[in-house]
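Beneath this line is the structure, given in structure tokens, with notes to follow.
Numbering (the numbering used here), first residue to last: 3 to 190.
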């Protein structure tokens with residue numbers, strides 16, 4: 003059937019005429035590839051060769067290399083073949099910084115001015131502009147020792163706020179920051 007369709011196409015007959023004359027569906031007039039893997043064999047072979055030669059290349063880098071070598075291929079096809087060949091690398095999870103070991107227990111304060119907590123709160127206003135609030139709180143009494151509200155709060159403002167709070171209330175033994183860092187204040 004394929005040879006008949008090819009011959010009629012060579013004589014200049016259109017596909018609509020061929021399908022009506024032979025009384026076959028239109029899809030039968032087009033070449034159907036039964037084995038897509040056979041068509042992509044050279045591409046698959048090259049992808050494997052690049053992946054084993056350069057194990058740190060991902061599918062995007064392989065796609066770029068193939069295009070430079072003259073392969074006319076879509077990046078989605080390269081991705082599909084890359085995955086089907088099990089060449090995907092597992093991405094490394096980022097290690098989280100933990101300043102103290104998990105064996106360190108956070109103690110509860112027994113009197114006021116023993117432990118202060120310093121925390122930054124981020125929010126946005128209705129028109130979308132960002133806003134930051136710095137709060138310093140005495141953990142034992144739950145009293146807000148000082149706060150600062152602004153679009154951005156610099157380090158010098160944090161120092162100024164701490165100095166004002168220490169002058170007004172007294173010096174704490176420990177200042178705890180929300181990322182788990184403790185600052186021990188020496189008496190001097």
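All C-beta atoms in this analysis are idealised placements derived from N, C-alpha and C, irrespective of residue type, glycine included.
- Annotated as proximal: residue 46 and residue 83, with beta-carbon spacing under 8 Å.
- It is roughly 15 Å from the alpha-carbon of residue 71 to the alpha-carbon of residue 55.
- Residue 61 is a Cβ neighbour of residue 81, given a cutoff of 8 Å.
- Per the Cβ contact rule, the stretch 140-152 is not in contact with the stretch 90-98 (fewer than 3 Cβ pairs under 8 Å).
- With a cutoff of 8 Å on beta-carbon distance, residue 160 and residue 133 are scored as not near each other.
- With respect to the 8 Å criterion, residue 118 and residue 135 are not classified as neighbours on the basis of their beta carbons.
- In the structure shown, the three-state DSSP call for residue 113 is coil.
- As far as DSSP is concerned, residue 142 takes part in no beta bridge.
- A direct Cα-Cα distance of roughly 27 Å separates residue 28 from residue 79.
- Its chain contains 142 as the residues whose beta carbon lies nearer than 7 Å to that of residue 113, once the 5 sequence neighbours on both sides are disregarded; these appear in chain order.
- In the three-state reduction of the DSSP assignment, residue 59 falls in the coil class.
- Burial is judged here by how many other beta carbons sit within 10 angstroms of a residue's own beta carbon; residue 125 has fewer than 16 and is exposed.
- In the three-state scheme derived from DSSP, where H, G and I count as helix and E and B as strand, residue 135 is classed as strand.
- If you look at residue 26, you'll find it isn't in any beta strand (DSSP E); DSSP assigns it neither H nor E.
- Going by beta carbons, residue 64 and residue 52 fall inside the 8 Å limit.
- When 31, 12 and 9 are compared, the shortest CA-CA separation from residue 18 is found for 31.
- Ranking 97, 95, 23 and 170 by CA distance to the CA of residue 115 puts 170 first.
- Taking 8 Å as the cut-off, the Cβ atoms of residue 26 and residue 87 do not count as close.
- Look at residue 98 here: in three-state DSSP terms it is coil, with no helix or strand label.
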